[in-house]
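*Asks:* I am attaching a structure below and will ask some questions about it afterwards.
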Amino acid sequence: MVADERRARARLEQRVGELEKRDVDKRRRLERLEVAMQRIEKVRSLLNDK
18 MVADERRARA RLEQRVGELE KRDVDKRRRL ERLEVAMQRI EKVRSLLNDK
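Per the working numbering, numbering of the sequence shown is gapless, rising by one per residue and ending at 67.
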């Protein structure tokens, strides 16, 4: 019984770790996308000024 609970806990901890890693990856991609959007907006404003 205790061994089953330990295995279940280990699986849950592994799953939480995977989800946290995905969250970090998504946040990193979102930050890169935001930086790219800022560059696009800057170029658009430069082109519109001409």
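Built from N, CA and C at the ideal position, the CB exists for glycine as well.
#1: Alpha carbon to alpha carbon, how far is residue 36 from residue 46?
#2: Looking at the unbroken alpha helix (DSSP H) that takes in residue 54, where does it start and where does it end?
#3: May I ask you to check if the CB of residue 52 is nearer than 7 Å to at least one heavy atom of the ligand PLP?
*Replies:* Answer, in terms of the structure:
#1: So the two alpha carbons sit approximately 15 Å from each other.
#2: Note, residue 54: alpha helix (DSSP H), 19-66.
#3: You won't find the ligand PLP in this model; it holds no ligand whatsoever.
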